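**Student:** Mind looking over this structure? Questions follow.
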Ligand SMILES: Nc1ncnc2c1ncn2[C@@H]1O[C@H](COP(=O)(O)OP(=O)(O)OP(=O)(O)O)[C@@H](O)[C@H]1O
Ligand SMILES: Nc1ncnc2c1ncn2[C@@H]1O[C@H](COP(=O)(O)OP(=O)(O)OP(=O)(O)O)[C@@H](O)[C@H]1O
Ligand SMILES: [Mg+2]
Ligand SMILES: [Mg+2]
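Chains as they are written, first to last, in the numbering used here: chain A, 103 to 602; chain B, 48 to 385; chain C, 48 to 385; chain D, 510 to 813.
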């Protein structure tokens, strides 16, 4: 029987200073199957994969590939063994072209041992043609949208002709259409005999694409089972170790007067004449395909970018917002989309990260009140159940979900009236996700106004009182909760239906 | 909720970390390095190094480096660098001295002018603050890399100091002015006193004020800091004005110490200041650094300079040894992060 | 499928960029700045600046800066810096010269030794490569910040050059050696020829070899480079050996040019080299830089130095003007990114 | 002041700062060790060796405050006397003061502090004189006619200022001569060469190069030769200061017209002698002149 497993990892242990990331875990993957690896944030999924490709060195355990025990010392070794990986964190080289990014580390050479750029471009074009990837190999990486960059990463992983392809949350930055494209690729690869290890926090994807599931909890192996034998509920229970009763715990909130009004906002090609209102107690969902300009709208309102024209009224009064500080003073908060680029301050402590935006409140006369600050941070840690050994811990050592919670608390501490959240649960496990949803719901109940961008349809449908849909920088429609369906929203998002 | 079970389980580890000897030793490794160096030099010099007067000399001699390093910590935390501090020292020194000349000086810069010493001091500080402001302005408004903006100031500022003083030292200064560099208060030499005061102020600023916390936030992630409502430009401008003012103070101390405003003062000082700061644990990757660390770094540099002189190491070999010790200190200190 | 609409939409913009005059002007703005400077200096000097012989002088005088700047581009692209190049120049110069002394020199470093000039040249290059290797080793194996590792080498290397030469110039060199700095080939001065060859090689390396692509990748996104299986340490080590070798070559050129291996050679050179590189568009943010840009940067620096001499600007004012021009050139060039 | 307990070996580290024994330690601080000052240091060393005293040499990187620190360190260390070649002749006061307060004999060498109390001797030469005799000889060779350019050392350095002043004074005495250009070459041969190359292109009809030191003069000679202009009376006359071995070789080859010999050995030895006298309780003249000597092709054999 052992032979049918192309990859066997056994008794793998990996520790970081103060953290046992993997505790004697195993993973057996069959050729020609899609094997899902599931678990809460910080369960150790990415760590195991990094051990497999040679980015991390395991403390103990064995890796057997096609029946042979192997040792991988660096990523080059992993690639040489036929293991490639789509990393959880996008890592483009912005100044290089798409083709150069794909063939980085194995550029084709001409007979003078010089890099053959023309050939490289042709190879990339052939790759794109073969897999129906709608990209131009000559474009500079920095000119691409996030979704296109993710496609490049996918194309790159495939281009190695690997026996095992690891996909660590490949769909966290793309929407339905790219997901469909990706799944088509995965099926073709699987049919060719490639083994895919698929990591995701999105339940529906698992049941769509995976043959088998392995679940980790707190660095330990819990179970491996065929997806056919599982239900969504049993999967969640296995992951979080308890029953999770309600996926979208939206409570009823009293919808009050208009708090935020945006009139004819314009900025570049991604914000075109955007107008809408937002009321107290309301959760306004902002839907659209990736690249529709939702992030741009939020960032423009918040003063991250200067608006070219338009008016913003808070409580009926016009406000001038030139920089984020002005927005914060007007009672707004913005939980940004890209946690790494605009969220966490990696080498700073959890405490410092929490208090970055609200420091003014805790520093009368410019001097910080350490005691009050400590109390506030501790309160947030308890309230949001943030998993960290101490408030002194560097945030970069926290799992993604817990980093996100720290960022949420950063904004809660500013006591905002208007909370704008951009993909609030991206890359977050089901448990933490429902906690964040509960939090959003509570805040709405407290009379705050919430503007939520999400690319996850269930989240939009489950949480919003009203859904605003964008397409190419324009608002193409507005759907009340009662009428909101996936089809309706997709039509508006793809621009196939005129504005409602 | 599953997550709540974790909190109590992990709370003790947080307390434990506070009293963890290994962690303590790691954090203060650089202090151990300094102590090791002191012991080594004491043995090698048959005890001459550890004599009180010699130790006072060491501290007095690094006070200028230490004063500026306290500002360099802020600069490097925000991923900046200031190469111009040596030239700012020179500008402040010649301006300060020119306003503090006695009437019987051979060459008088401003004949007939007789202002209180405090005016000379304020002028020197203002020159420093002004130069720092120009640096900060170029960096924040024109988005020039700090290395280049301050390289320009380093070159132009040195030239300005030469022009102002016509290349000649400005000498014969009032006693009140010289006191800043040569006097004592309650038995403590004034430069050491000023060094201590600057360290104290800078520590409070960095750790206990909003300005300091913003400094760390910017170094941790400038984009995130901006979104968090921090006015990046203003904080950075403040930082360069601060280090400029400190360099101005150092210029006053140095010129008062030698009793003459010399336009060559501070040549190459920036490298010692940066070395002291980095030896003290401030990271070029941003977001990390402490004032006390830079004090330790300055003392290490001062001990090396003093010890090598005491040991009669030839000047050429001194350079080699100094280069090696700086690198070795950093290597040892870096390894604590492994 | 709806997705296919993206490809055509994005393709034309890439093609259009190639023939966009505005984009062209932006990209080559720094060349326009150089041309502007040349015109200005020609007018101010009544045409003396533009004379062929003077232009040859300008290029010959910056050839050492330019040769090293070609390596500095690689270093800065990978977010590094090399402060030690000036000291490497001195080490290479004294070693090279010591092996090329004629038998009738007044003070002979190695009496009785008579080796072919090529040995002296190789020794000088080897000294440079070796020093570069030490820099690279400290940076990659001990993870020391490049600023500090090369600061250590700058200090220690200068001391080593003094020790080797006992603080005195090593003079009376063989004609074959002096030819490197003073000779011509087909009417072109050898330093300029070497400069051109280095630029050519460095350009091909940076643009057409894997080594060059990896250099960009490391600077653009080190994480991406690592997961692509690139051996980052090896590339960085290679880069520091490369710039060290170039600094060694520059040391040979400079010593041959003045006919003497002087341990003071190259003092402060690193700042000119870095300024040339950055004026030439290499970014301290990493991932961006070109060789031709650094050539233009070096020519700008050379033109300033030469022009100020021609105009007989006083030495003090020269520094002020030079500092200002560097900053202004960068400001103008940065604005193209707006 | 204490004395050390080690042997009389000059450079052994055990001879520093200890107590006991009967040996004498002298500390010497130099602004920097360039070619000339290295010769002074060597002369001090051989004199010290000869007398069996320990000499501790340090250099101050041209930093006034560093040098003051070194004097303080010497005092703390308990040396018997201190020799100082001051970085900044206007800023010697605090060093003099520190030594006097500690009762340690102090001797200035080579560069004369601007204000010097009685009992603190200066052993050295006069830089103004060096520039003057250099230019006088050049003016004579040029027949009192032509354009003069000056290569200045470090423009903030005392010797550079004085030598430059000497050059200018003599030019002013010759109605047929004018200083058309002056520039700082920072004592370096390379910079002297660059500047001269640029000047040649400026179209100026240069007759005389009055350089503050030989290194820059040799650089200028390289530039002149490369431009195909002849050296000497029928071309450009180049003068320097220091009479280094390279300079004498150049003079022998008929290139360098004039240099001025500064008696480095005499200054070094004189400094140590003065210090020993003071240690022994003797009295030294306030100014011990070690005169400059003009070197021309006629008398250069005496200096080789
Ligand atoms: N380089 C590191 N240094 C210290 N701790 C680390 C490091 N990398 C991971 N960890 C810790 O190891 C544990 C496992 O992290 P890992 O990234 O594997 O989780 P994950 O299952 O991929 O979570 P997510 O779903 O959030 O991506 C976490 O506690 C994390 O904080
Ligand atoms: N060409 C570009 N250059 C720089 N930044 C860009 C560029 N295109 C998009 N971005 C930024 O990248 C981020 C994500 O871009 P994306 O294409 O996902 O658009 P978006 O506005 O986030 O769309 P949505 O939020 O609807 O998914 C946004 O912050 C956007 O401002
Ligand atoms: Mg992960
Ligand atoms: Mg978005």
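Just so you know, even glycine gets a beta-carbon here, dropped at the ideal spot from N, CA and C.
In this text, all values refer to a predicted model and were calculated from it rather than measured experimentally.
(1) In angstroms with no decimal places, state the Cα-to-Cα distance between residue 530 of chain D and residue 559 of chain D.
(2) Going along the region 267-300 of chain B in order, which residues come within less than 8 Å of chain F, judged by CB to CB distance?
(3) Could you check whether the region 108-121 of chain B touches the region 183-192 of chain B, counting it as contact only if at least three pairs of C-beta atoms, one from each stretch, sit closer than 8 Å?
(4) Kindly give me the distance between the Cβ atoms of residue 269 of chain A and residue 317 of chain A, rounded to whole angstroms, as I take these residues to be in contact under 8 Å.
(5) Which one of A:464, A:515, A:133 has the shortest CA to CA distance from residue 288 of chain A?
(6) Determine the closest residue to residue 242 of chain C out of C:287, C:297, C:181, with distance taken between C-alpha atoms.
(7) If I'm right that residue 796 of chain D touches residue 770 of chain D with Cβ under 8 Å, what's the distance once you round it to whole angstroms?
(8) Could you give the DSSP three-state label for residue 530 of chain D: helix, strand or coil?
(9) Using only Cβ atoms and a threshold of 5 Å, which residues come within that distance of a heavy atom of ligand 5? Order them by chain position.
(10) Compute the minimum distance between the beta carbon of residue 298 of chain C and the heavy atoms of ligand 3, and state whether it is under 7 Å.
(11) Are the C-beta of residue 398 of chain A and some C-beta of chain C separated by less than 8 Å?
(12) Identify, in the order they occur along the chain, each residue of the same chain with its Cβ nearer than 8 Å to the Cβ of residue 296 of chain A, setting aside the five sequence neighbours on each side.
(13) Spell out a yes or no on whether the region 129-140 of chain B and the region 198-208 of chain B are touching, meaning 3 or more CB-CB pairs, one atom from each, closer than 8 Å.
(14) Do you know offhand how far residue 329 of chain A's Cα is from residue 315 of chain A's?
(15) Does residue 216 of chain B get closer than 8 Å to chain D when you measure Cβ to Cβ?
(16) Can we count residue 192 of chain A as close to ligand 1, meaning its CB is less than 7 Å from some heavy atom?
(17) Considering Cα atoms alone, identify which of C:332, C:368, C:288 is closest to residue 180 of chain C.
(18) If you measure from the beta carbon of residue 108 of chain B to each beta carbon in chain C, is any gap under 8 Å?
(19) Any beta carbon from chain A within less than 8 Å of residue 386 of chain C's own beta carbon?
(20) Could you tell me which of C:309, C:349, C:339 sits nearest to residue 135 of chain C, measuring between CA atoms?
(21) Please state the DSSP three-state secondary structure of residue 382 of chain A.
(22) Can you tell me the Cβ-Cβ gap for residue 569 of chain D and residue 579 of chain D, rounded? I've got them flagged as a contact below 8 Å.
(23) What residue ranges within the region 151-218 of chain B form continuous alpha helix (DSSP H) runs of no fewer than 4 residues, ordered along the chain?
(24) Under 8 Å between the Cβ atoms of residue 759 of chain D and residue 748 of chain D?
(25) Please tell me whether residue 348 of chain B and residue 112 of chain B are closer than 8 Å, where the distance is taken between their beta carbons.
(26) Shorter than 7 Å, the distance from the beta carbon of residue 543 of chain D to the closest heavy atom of ligand 1, or not?
(27) Please list, in chain order, the residues of the region 333-348 of chain B that have any C-beta partner in chain A closer than 8 Å.
(28) If distances are taken between C-alpha atoms only, which option among C:160, C:140, C:142 comes closest to residue 149 of chain C?
(29) Does DSSP put residue 544 of chain D in a helix, a strand or coil?
(30) If I measure Cβ to Cβ from residue 293 of chain B and keep anything under 6 Å in the same chain, skipping five residues before and after, which residues do I get?
(31) Residue range of the beta strand (DSSP E) that residue 368 of chain A falls in?
(32) Using the beta-carbon count (16 or more within 10 Å), is residue 203 of chain A buried or exposed?
(33) Tell me which residues share the same chain as residue 625 of chain D and place their Cβ nearer than 8 Å to its Cβ, disregarding the 5 neighbours each side in the sequence.
(34) Say whether the region 367-386 of chain A touches the region 554-573 of chain A, bearing in mind that this needs 3 or more beta-carbon pairs closer than 8 Å, one atom from each stretch.
(35) Can you grab the Cα-Cα spacing for the pair residue 450 of chain A / residue 541 of chain A, in whole Å?
(36) Residue 427 of chain A to residue 464 of chain A, Cα distance in whole Å?
**Tutor:** Taking the geometry as given:
(1) In the fourth chain, counting from the first residue as 1, residue 530 of chain D sits at position 21. In the fourth chain, counting from the first residue as 1, residue 559 of chain D sits at position 50. Residue placement at residue 530 of chain D is flagged as unreliable, the pLDDT there being 35, under the threshold of 50; the coordinate-derived value follows with that caveat. Taking the straight line joining both Cα atoms gives about 19 Å.
(2) No chain F appears in this structure, whose protein chains are A, B, C and D.
(3) No, the region 108-121 of chain B does not touch the region 183-192 of chain B.
(4) Along the first chain, one-based indexing puts residue 269 of chain A at 167. Along the first chain, one-based indexing puts residue 317 of chain A at 215. The beta-carbon distance between residue 269 of chain A and residue 317 of chain A, rounded to whole angstroms, is 17 Å. This is too long to meet the 8 Å contact definition.
(5) Taking the first chain and counting its residues from 1, the one referred to as residue 288 of chain A is at position 186. Checking every option, the nearest Cα to that of residue 288 of chain A belongs to A:133.
(6) Position 195 of the third chain, counted from the first residue, corresponds to residue 242 of chain C. Closest option to residue 242 of chain C, judged by alpha-carbon separation, among C:287, C:297, C:181: C:297.
(7) Counting from one through the fourth chain, the residue named residue 796 of chain D turns up at place 287. Counting from one through the fourth chain, the residue named residue 770 of chain D turns up at place 261. By a beta-carbon distance limit of 8 Å, residue 796 of chain D does not contact residue 770 of chain D. Their separation comes to about 20 Å.
(8) Indexing the fourth chain from 1 puts residue 530 of chain D at position 21. Unreliable placement is indicated for residue 530 of chain D, whose pLDDT of 35 sits below 50; no coordinate value is reported for it.
(9) Ligand 5 is not part of the structure shown, which contains ligand 1, ligand 2, ligand 3 and ligand 4 as its ligands.
(10) Position 251 of the third chain, counted from the first residue, corresponds to residue 298 of chain C. No - ligand 3 has no heavy atom lying nearer than 7 Å to the Cβ of residue 298 of chain C.
(11) For the purposes of this step, residue 398 of chain A is taken as residue 296 along the first chain, with counting starting at 1. Chain C contact via Cβ: absent.
(12) Translated into positions along the first chain, residue 296 of chain A becomes position 194. Here the set comprises 133, 134, 264, 265, 266, 267.
(13) Yes: at least three Cβ pairs fall under 8 Å.
(14) Counting from one through the first chain, the residue named residue 329 of chain A turns up at place 227. Counting from one through the first chain, the residue named residue 315 of chain A turns up at place 213. One C-alpha to the other measures close to 6 Å.
(15) Position 169 of the second chain holds residue 216 of chain B. Taking 8 Å as the CB threshold, residue 216 of chain B lines the interface with chain D.
(16) Numbered from 1 along the first chain, position 90 holds the residue referred to as residue 192 of chain A. No, ligand 1 has no heavy atom inside 7 Å of this Cβ.
(17) The residue you call residue 180 of chain C lines up with position 133 of the third chain. The shortest Cα separation from residue 180 of chain C among C:332, C:368, C:288 belongs to C:288.
(18) The residue given as residue 108 of chain B occupies position 61 in the second chain. It does not: the Cβ of residue 108 of chain B has no partner Cβ on chain C nearer than 8 Å.
(19) Outside the displayed span of chain C (48 to 385) sits residue 386 of chain C, for which this structure offers no information.
(20) As a working note, residue 135 of chain C is residue 88 in the third chain. Of the candidates C:309, C:349, C:339, the residue whose Cα lies closest to the Cα of residue 135 of chain C is C:309.
(21) Against the first chain, residue 382 of chain A aligns to sequence position 280. Coil at residue 382 of chain A, not helix or strand.
(22) What you label residue 569 of chain D is simply residue 60 of the fourth chain in a count that begins at 1. What you label residue 579 of chain D is simply residue 70 of the fourth chain in a count that begins at 1. With a Cβ gap of about 6 Å, residue 569 of chain D and residue 579 of chain D count as contacting.
(23) Runs of the alpha helix (DSSP H) spanning 4 or more residues and lying entirely within the region 151-218 of chain B occur at 164-188, 193-212, in chain order.
(24) Position 250 of the fourth chain, counted from the first residue, corresponds to residue 759 of chain D. Position 239 of the fourth chain, counted from the first residue, corresponds to residue 748 of chain D. The Cβ atoms of residue 759 of chain D and residue 748 of chain D do not sit closer than 8 Å to each other.
(25) Here residue 348 of chain B corresponds to residue number 301 of the second chain, with the count starting at 1. Here residue 112 of chain B corresponds to residue number 65 of the second chain, with the count starting at 1. Taking 8 Å as the cut-off, the Cβ atoms of residue 348 of chain B and residue 112 of chain B count as close.
(26) Residue numbering aside, residue 543 of chain D sits at position 34 when the fourth chain is read from its first letter. No, ligand 1 has no heavy atom inside 7 Å of this Cβ.
(27) Going along the region 333-348 of chain B in chain order, one finds 333, 334, 335 with a Cβ nearer than 8 Å to chain A.
(28) Position 102 of the third chain holds residue 149 of chain C. Ranking the options by Cα distance to residue 149 of chain C, first place goes to C:160.
(29) Sequence index remark: in the fourth chain, residue 544 of chain D carries index 35 (1-based). The DSSP-derived three-state label of residue 544 of chain D is helix.
(30) Counting from one through the second chain, the residue named residue 293 of chain B turns up at place 246. Cβ within range, chain order: 114, 115, 118.
(31) What you label residue 368 of chain A is simply residue 266 of the first chain in a count that begins at 1. Element bounds for residue 368 of chain A: 360-369.
(32) Numbered from 1 along the first chain, position 101 holds the residue referred to as residue 203 of chain A. By the 10 Å Cβ count, residue 203 of chain A comes out buried.
(33) Sequence index remark: in the fourth chain, residue 625 of chain D carries index 116 (1-based). Excluding residues within five positions, the ones whose Cβ falls inside 8 Å are 601, 605, 617, 631, 795.
(34) With the cut-off at 8 Å, the region 367-386 of chain A and the region 554-573 of chain A touch.
(35) The residue you call residue 450 of chain A lines up with position 348 of the first chain. The residue you call residue 541 of chain A lines up with position 439 of the first chain. The straight-line gap separating the alpha-carbon atoms of residue 450 of chain A and residue 541 of chain A is approximately 25 Å.
(36) For the purposes of this step, residue 427 of chain A is taken as the residue at position 325 of the first chain. For the purposes of this step, residue 464 of chain A is taken as the residue at position 362 of the first chain. Straight across, the Cα-Cα distance linking residue 427 of chain A with residue 464 of chain A is about 16 Å.
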